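Each protein sequence line maps, in turn, to chains A and B. With UniProt numbering, the residue at position 116 of the first sequence is 116, and numbering never jumps. With UniProt numbering, the residue at position 204 of the second sequence is 204, and numbering never jumps. The beta carbon of each residue, even a glycine, is placed where N, CA and C say it ideally should be. It should be emphasised that the depicted structure is a prediction, and the values quoted were computed from it without experimental measurement.
Protein chains: 2
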Amino acid sequence: QVALLDIDICGPSIPKIMGLEGEQVHQSGSGWSPVYVEENLGVMSVGFLLSSPDDAVIWRGPKKNGLIKQFLRDVDWGEVDYLIVDTPPGTSDEHLSIVQYLSATHIDGAVIVTTPQEISLQDVRKEINFCHKVKLPIIGVVENMSGFVCPKCKKESQIFPPTTGGAEKMCQNLNVSLLGKVPLDPQIGRSCDRGQSFLSEAPDSPATLSYRNIIQ
Amino acid sequence: QVALLDIDICGPSIPKIMGLEGEQVHQSGSGWSPVYVEENLGVMSVGFLLSSPDDAVIWRGPKKNGLIKQFLRDVDWGEVDYLIVDTPPGTSDEHLSIVQYLSATHIDGAVIVTTPQEISLQDVRKEINFCHKVKLPIIGVVENMSGFVCPKCKKESQIFPPTTGGAEKMCQNLNVSLLGKVPLDPQIGRSCDRGQSFLSEAPDSPATLSYRNIIQ
């Protein structure tokens, strides 16, 4: 039983990616009910509370924190084996709140996603620094958008060049695990936009293989 | 005379992109002095206040807002013709604060940057919605990472496929100007990582042309 909680309050993408756009949260006697993708996968996002997917949630930190607390307290998650939390980038309200609100429970750790350029790695180093400061274990780093293979001539291009060695070098330097690298495949974006699973739509692609390796 | 203010407090990238990493802000009798790239271009960012570029700024909204206020009030910008503010993505503290603090002045408007996929456009529609709600004029939208031309075979690939028509369609639907599309060129990332100007490093590239068209 898995619960997926989207705490990107101002940019919730999980409903669209999971193919749940237009779904609404239902109120039951025991609280809000998550929206179920499958019987064993429940999802909660501020996206389910908006009347239109284009509605802006114009909220400062305290209101965002209040909703995150409600998601943890008032959602009837049922018995769950795993709670996966998707955060926006950064080291601010959402990150501090989720760590604080879950401090009484055991958190397995954070999976951090980056792209190969130094401009992204710089932000990710800050996020690693954040995890150390709040004593959140780091499960590892995933490098996304690692390289693009031209569908015509098969030449690989580094679209986001790893000018300082990419996630691999950073992980070595900071003594953090590199979980894997996912190549740039336009089909991933297409699947996300349609709310379909890339893993089942392109089961034999190198990117799927890379995802499967990371998951293991 | 141009002033560039980076209000991405938790992920300041401007110092690196402008080649100013390691620079410090100086205190003068009239306040903080910006860091100058050229005589007519002064820059301010929280990045100049950190002892290391990997330091995390672990601040909730109110502290971020306080620093933004300080940047506007305590920095000795001198006489400036243009103040350009770079914000993080979203519709939260940073965005509300900058609009509020500048409400007594005239704001020309917002330039909004997106990529072509629906997942990004969804967030950008929220940002457009935000601008309408706070009565901030929208100068226009720039589509970034629009297409990639293989350096070997010259075939163009849509790396981030515009599954719902990209920024063009969105701008038509929402009655907002499309300022231009910038193709994906790995050299842009390389220039940013090195703090060099892509416009002068690759003066004849299609991306430079596109930037120049947008600027005009």
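Buried or exposed for residue i, please, with buried defined as at least 16 other CB atoms from any protein chain shown within 10 angstroms of its CB.
{"i": "residue 131(B)", "result": "buried"}
{"i": "residue 10(B)", "result": "buried"}
{"i": "residue 93(B)", "result": "buried"}
{"i": "residue 60(B)", "result": "buried"}
{"i": "residue 120(B)", "result": "buried"}
{"i": "residue 192(A)", "result": "buried"}
{"i": "residue 222(A)", "result": "Past the edges of chain A, shown from 1 to 216, lies residue 222(A), and the structure says nothing about it."}
{"i": "residue 66(B)", "result": "exposed"}
{"i": "residue 200(A)", "result": "exposed"}
{"i": "residue 231(B)", "result": "Since the displayed chain B opens at 1 and closes at 216, residue 231(B) lies outside it and no answer follows."}
{"i": "residue 104(A)", "result": "exposed"}
{"i": "residue 106(A)", "result": "exposed"}
{"i": "residue 153(A)", "result": "exposed"}
{"i": "residue 88(B)", "result": "buried"}
{"i": "residue 64(A)", "result": "buried"}
{"i": "residue 42(A)", "result": "buried"}
{"i": "residue 162(A)", "result": "buried"}
{"i": "residue 12(B)", "result": "buried"}
Identify whether residue i lies in helix, strand or coil by the three-state DSSP scheme.
{"i": "residue 58(A)", "result": "coil"}
{"i": "residue 104(A)", "result": "coil"}
{"i": "residue 72(A)", "result": "helix"}
{"i": "residue 156(A)", "result": "strand"}
{"i": "residue 6(B)", "result": "strand"}
{"i": "residue 16(A)", "result": "helix"}
{"i": "residue 235(A)", "result": "For residue 235(A) there is no data in the structure shown, the boundaries of chain A being 1 and 216."}
{"i": "residue 140(B)", "result": "strand"}
{"i": "residue 83(A)", "result": "strand"}
{"i": "residue 161(B)", "result": "coil"}
{"i": "residue 187(A)", "result": "helix"}
{"i": "residue 39(B)", "result": "coil"}
{"i": "residue 196(B)", "result": "coil"}
{"i": "residue 124(B)", "result": "helix"}
{"i": "residue 50(A)", "result": "coil"}
{"i": "residue 181(A)", "result": "strand"}
{"i": "residue 99(B)", "result": "helix"}
{"i": "residue 1(A)", "result": "coil"}
{"i": "residue 145(A)", "result": "coil"}
{"i": "residue 27(A)", "result": "strand"}
{"i": "residue 92(B)", "result": "coil"}
{"i": "residue 33(A)", "result": "strand"}
Assuming residue i contacts residue j under a Cβ cut-off of 8 Å, what Cβ separation, rounded to an integer in Å, is found between them?
{"i": "residue 195(B)", "j": "residue 4(B)", "result": "That belief does not hold up - the Cβ atoms of residue 195(B) and residue 4(B) are roughly 14 Å apart, past 8 Å."}
{"i": "residue 206(B)", "j": "residue 183(B)", "result": "6 Å"}
{"i": "residue 16(A)", "j": "residue 117(B)", "result": "With a Cβ gap of about 10 Å, residue 16(A) and residue 117(B) do not count as contacting."}
{"i": "residue 46(A)", "j": "residue 18(A)", "result": "Between residue 18(A) and residue 46(A) the Cβ distance is about 14 Å, and since that is not below 8 Å, they are no contact."}
{"i": "residue 86(B)", "j": "residue 7(B)", "result": "7 Å"}
{"i": "residue 80(A)", "j": "residue 44(A)", "result": "With 8 Å as the limit, residue 80(A) and residue 44(A) do not qualify as a contact, their Cβ atoms being about 11 Å apart."}
{"i": "residue 210(A)", "j": "residue 181(A)", "result": "6 Å"}
So the candidates are the options; which of them puts its Cα closest to the Cα of residue i?
{"i": "residue 140(B)", "options": "166(B), 153(B), 171(B), 122(B)", "result": "171(B)"}
{"i": "residue 33(A)", "options": "70(A), 99(A), 193(A)", "result": "70(A)"}
{"i": "residue 30(A)", "options": "73(A), 46(A), 97(A)", "result": "73(A)"}
{"i": "residue 176(A)", "options": "22(A), 122(A), 137(A), 162(A)", "result": "137(A)"}
{"i": "residue 110(B)", "options": "44(B), 99(B), 188(B)", "result": "99(B)"}
{"i": "residue 102(A)", "options": "135(A), 78(A), 88(A), 90(A)", "result": "135(A)"}
{"i": "residue 190(A)", "options": "84(B), 95(B), 165(B)", "result": "165(B)"}
{"i": "residue 83(B)", "options": "108(B), 198(B), 212(B), 64(B)", "result": "108(B)"}
{"i": "residue 96(B)", "options": "204(A), 78(A), 57(A)", "result": "57(A)"}
{"i": "residue 27(B)", "options": "64(B), 77(B), 68(B)", "result": "77(B)"}
{"i": "residue 167(B)", "options": "212(B), 55(B), 113(B)", "result": "113(B)"}
{"i": "residue 133(A)", "options": "14(B), 54(B), 23(B), 22(B)", "result": "54(B)"}
Enumerate in chain order the residues of its own chain whose CB-to-CB distance from residue i is below 6 Å, with the five nearest sequence positions on each side excluded.
{"i": "residue 148(A)", "result": "157, 159, 184"}
{"i": "residue 145(A)", "result": "115, 160, 184"}
{"i": "residue 198(A)", "result": "188, 191"}
{"i": "residue 202(A)", "result": "187, 208"}
{"i": "residue 216(B)", "result": "none"}
For residue i, collect the residues of the same chain with a Cβ closer than 8 Å to its Cβ; drop the 5 residues on either side in sequence, then sort them by chain order.
{"i": "residue 174(B)", "result": "125, 128"}
{"i": "residue 179(B)", "result": "111, 139, 140, 141, 142, 214"}
{"i": "residue 52(A)", "result": "none"}
{"i": "residue 68(A)", "result": "7, 9, 94, 97, 98, 101"}
{"i": "residue 150(A)", "result": "156, 157"}
{"i": "residue 212(A)", "result": "199"}
{"i": "residue 23(B)", "result": "15, 35, 48"}
Within the same chain, show all residues whose beta-carbon is closer than 7 Å to that of residue i, passing over the 5 residues directly before and after it, in chain order.
{"i": "residue 49(B)", "result": "25"}
{"i": "residue 91(B)", "result": "126, 127, 130"}
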